[in-house]
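A short worksheet on the structure shown next.
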Amino acid sequence: MSWALFLGCTVPVRNLNYEVSVRRTAERLGLNLKDLPDFGCCGFPLKSLDTQHALVLTARNLALAQAAGHDIVAVCSACAATLAEAEHLLAGDPRLAEKVNGELARINLTYQGGVKVRHYTRLLYEEVGLDRIRAAVTRPLTGFRFAPHYGCHYLKPSAIMDHFDSPEEPRSLAELIEALGAEAVDYPGLKDCCGGGVLGVNEDLAQGLAFAKLDQLSRLDVAGLVVICPFCNIMFEGQQKAVAKKHEVQLKVPVFFYPQLLGLALGFSPDELGFKLNRIKNKDLLKAMED
Amino acid sequence: MADFDLNRADPDFKHEVAGRPGAEKISRCYACGACSARCPIGDLNPEFDPRRLIRLVVLGLKEEVLSSPLLWFCSTCYTCQETCPEGVDFTEVLFALKNMAAEAGFFPPSMSAQVDLLRKHGRLYEVTDFENEKRRDLGLPELTEKPEHFQMILDNFQLGPETEA
């Protein structure tokens with residue numbers, strides 16, 4: 011099967027390590043990802059200002075995928091939830107769909123419904139499955155402990171996520187980490203928000219949320235934090251120095267995108283997975299991958 | 004938001020809010036406060052209080068609500084929405100309130116800056132040769148921009164007269 015790869019705005023410009031590891035791991039696991047050059051912003055940034063215009067921008071992407079005959083796999087959690095929500099809203103409200111199609115007609119597009127949208131992590135969990143991932147591992151990450159970070163829009167709102175995992179007791183990412191031979195640790199702040207959604211409006215609040223989790227992780231014996239969303243990455247990796255300075259603490263928590271770890275376990279080298287672009291290195295992990 | 008003059012309250016405000024897509028279920032709120040108890044933003048700034056915001060809407064304090072910078076402090080984590088025993092969908096209520104605030108001219112400057120970027124590039128980040136060169140180095144396909152679509156869809160999009168929230 012093939013999926014249209016929805017990169018969103020941030021990943022293809024700021025998280026090339028994430029993108030390259032998604033592409034390599036997908037290919038290795040037999041997931042055929044297609045690029046649609048006309049994909050653009052998912053619409054989420056506009057939702058706060060104008061829900062209806064945002065919905066048309068979102069539906070534009072759904073229409074492009076439909077015209078190409080693909081379902082969508084997204085790598086940003088906000089994009090994935092926004093696209094899935096639009097499909098859900100339009101499927102349940104024919105009058106709304108008609109109105110949105112009236113707008114899309116101005117750019118010669120139409121959306122008839124039925125494009126399924128999933129996050130890449132969910133696709134790995136559901137479509138490839140833990141057994142096949144375990145079987146594909148050639149270099150298990152035995153002995154390394156990682157803290158999963160689910161983030162918010164990967165699981166919520168749960169009403170549009172077909173309940174593939176529980177927002178209250180999420181397991182999918184921990185199980186995906188464990189499928190690589192590593193250990194996934196549970197910790198009190200497991201489900202806490204990164205703060206990324208409010209960074210542009212109130213830096214103190216955003217950094218406050220990021221600090222709470224990073225501070226907790228710096229006391230745990232973990233090789234790093236595992237994220238699956240570019241906004242979470244901005245908060246935990248991009249903002250880590252600023253957060254440490256503001257709160258007058260030392261922080262050195264490596265942050266990885268899950269597909270980077272998956273790629274290591276599938277035998278790719280750190281360079282092939284863009285590890286040079288990870289700002290906070292875990293030398294033990296990188297050294298283990300050279301042997 | 005300290006003292007309120009209820010003589011200036013707008014009794015239609017709650018109906019206006021409930022008429023917005025996603026906010027229809029606001030009338031189900033029985034003020035249990037589960038939303039506020041689990042809100043991570045409220046943890047850091049107790050002034051941000053979902054239950055209180057719903058009460059202010061129900062009381063009809065339209066101007067106080069729509070002009071409040073607090074509306075924009077939500078991180079959209081959806082915890083309140085998942086927690087609410089009455090299915091109020093408070094995150095969506097807040098989107099409706101932010102939409103109304105924006106129409107009235109109350110919005111943070113970073114929000115309108117994003118609209119400008121979408122009109123110019125169809126993305127939040129401009130794609131130049133510099134970005135594509137970095138992509139080529141990693142064997143990633145070239146990115147393109149399609150701003151025409153965004154300009155056409157957004158040509159009838161307008162924010163209220165700007166009054167910083």
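The listed protein sequences derive, respectively, from chains A and B.
The first sequence begins at 11 in this note's numbering and counts up by one.
The second sequence begins at 4 in this note's numbering and counts up by one.
All C-beta atoms in this analysis are idealised placements derived from N, C-alpha and C, irrespective of residue type, glycine included.
In the DSSP assignment, residue 158 of chain A is bridged to A:236. Comparing alpha-carbon positions, the option among A:113, A:222, A:55 and A:82 lying closest to residue 43 of chain A turns out to be A:82.
Among the residues facing chain A, residue 81 of chain B is included, as its CB has a counterpart in that chain under 7 Å away. Within a 10 Å sphere around the beta-carbon of residue 16 of chain B sit 16 or more other beta-carbons, which makes this residue buried.
Secondary structure remark: continuous alpha helix (DSSP H) runs of at least 4 residues inside the segment 42-86 of chain B, in chain order: 43-47, 53-62, 65-69 and 82-86. Between the segment 55-64 of chain A and the segment 108-120 of chain B there are three or more inter-stretch CB-CB distances shorter than 8 Å, so the stretches are counted as touching. When 8 Å is used as the limit between beta carbons, residue 128 of chain B is near these residues of chain A: 19, 20, 23 and 24, in chain order.
Within the segment 5-38 of chain B, contact with chain A at the beta-carbon level (separation under 9 Å) is assigned to 23, 24 and 25. Within the same chain, 154 and 233 come within 7 Å of residue 295 of chain A by CB-CB distance, once the 5 residues on both sides are set aside. Contacts between residue 105 of chain B and chain A, judged by CB atoms closer than 8 Å, involve 58, 59 and 60 in chain order.
Remark: C-beta atoms of residue 86 of chain A and residue 159 of chain A do not approach each other more closely than 7 Å. Contact annotation, residue 84 of chain A with residue 72 of chain A: C-beta distance approximately 11 Å; criterion of less than 8 Å not satisfied. With a cutoff of 7 Å on beta-carbon distance, residue 32 of chain B and residue 53 of chain B are scored as not near each other. A check of alpha carbon separations from residue 230 of chain A across A:184, A:128 and A:157 identifies A:157 as the nearest.
Contacts between residue 212 of chain A and chain B, judged by CB atoms closer than 8 Å, involve 75 and 76 in chain order.
Note that the C-beta distance between residue 76 of chain A and residue 125 of chain A is below 7 Å. CA-to-CA, the gap between residue 94 of chain B and residue 188 of chain A works out to about 33 Å. Taking a Cβ-Cβ threshold of 8 Å, none of the residues of chain B is close to residue 158 of chain A; the smallest such distance is about 16 Å.
Cβ contact annotation for residue 122 of chain B (same chain, cutoff 8 Å, sequence separation greater than five): 150, 153, 154 and 157, in chain order. Annotation: residue 125 of chain B to residue 148 of chain B spans about 6 Å, alpha carbon to alpha carbon.
Going by beta carbons, residue 107 of chain B and residue 163 of chain B fall inside the 7 Å limit. A contact is defined here as three or more CB-CB pairs under 8 Å, and the segment 167-185 of chain A fails this definition with respect to the segment 207-217 of chain A. In the DSSP annotation of this structure, the continuous segment of the alpha helix (DSSP H) that includes residue 119 of chain B starts and ends at 112-124. Residues of chain A with a Cβ closer than 8 Å to the Cβ of residue 85 of chain B are, in chain order, 166, 167, 168, 177 and 178. Along the segment 37-54 of chain B, going in chain order, the ones with a CB nearer than 9 Å to a CB of chain A are 43, 44, 46, 47, 48 and 51.
Taking CB atoms only, residue 117 of chain B has a neighbour in chain A less than 7 Å away. Taking a cut-off of 8 Å for Cβ pairs, the segment 281-288 of chain A and the segment 250-270 of chain A touch, as three or more such pairs fall below it.
Apart from sequence neighbours up to five positions away, the residues of its chain that approach residue 99 of chain B with a beta-carbon distance below 8 Å are 20, 23, 24, 25 and 26, ordered along the chain. At a beta-carbon threshold of 7 Å, the residues of chain A lying near residue 144 of chain B are 45, ordered along the chain.
Annotation for residue 12 of chain A: the continuous beta strand (DSSP E) segment containing it runs 12-16.
Counting only runs of at least 3 residues, the segment 121-160 of chain B fully encloses no beta strand (DSSP E) element at all.
Secondary-structure assignment with DSSP links residue 127 of chain A through a beta bridge to A:82. Closest in C-alpha terms to residue 49 of chain A, from the list A:246, A:263 and A:15, comes A:15.
Rounded to whole angstroms, the gap between the alpha carbons of residue 152 of chain A and residue 74 of chain A is 42 Å. Residue-level contact by beta carbon fails for residue 253 of chain A and chain B, as no gap is shorter than 7 Å.
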